[in-house]
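Numbering (this note's numbering), first residue to last: -12 to 162.
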């Protein structure tokens, strides 16, 4: 067990915290991540902050961990160092109701060095993977009309950012 794991368990084990909180491991850039995510997600706030002791090797006086809330989901941002990096095996999914919402999150999350991928996936500048999907997509992909669902899947597989009109058109018309 790393010493900061004990500290996080004690310091961030506050009242009114959710039972399950994803912990995002960062490398000396927790403050930058807080600023980034609070600018992207208007419904976000910092709940608690803890700091390394001033004499902590390599981290003296820096933020150790932050409990924050983004869209009613609590997260821990941990300043853990360079040992671990994000990868696509874990992603966060944003369900959007409009194309404007998809466009907003797409542009905002890739800003500053993120990368786009396929089928509504992207990585933000910290390397964290996100899926930006229209709310209607799951319904269309699970339609009882298998041909309709396959048309939607074919169109979606060719996209980077999901375009709602294009998946709706695929559902309505034969390709």
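Even glycine gets a Cβ: it sits at the ideal position worked out from N, Cα and C.
Put simply, the stretch 19 to 36 touches the stretch 44 to 63. At least three CB pairs are less than 8 Å apart. In the structure shown, the three-state DSSP call for residue 6 is coil. Closest option to residue 114, judged by alpha-carbon separation, among 104, 120 and 122: 104. Under the DSSP assignment, residue 24 falls outside any beta strand (DSSP E), being part of the alpha helix (DSSP H) whose first and last residues are 17 to 27.
Setting aside the 5 residues that flank it on each side, residue 46 is surrounded in the same chain by 39, each with a C-beta closer than 6 Å to its C-beta; the list follows chain order.
For residue 82, the beta-bridge partners assigned by DSSP are 120. Short of 8 Å from the beta carbon of residue 92, and not among the five residues preceding or following it, lie these beta carbons of its own chain, in chain order: 27, 81, 83, 117 and 119. Assignment of residue 56 by DSSP, reduced to helix, strand and coil, places it in the strand class. In the assembly as shown, residue 7 is an exposed residue. Its beta-carbon has fewer than 16 other beta-carbons within 10 Å. Residue 152 sits exposed, since fewer than 16 C-beta atoms from the chains shown fall within 10 Å of its C-beta.
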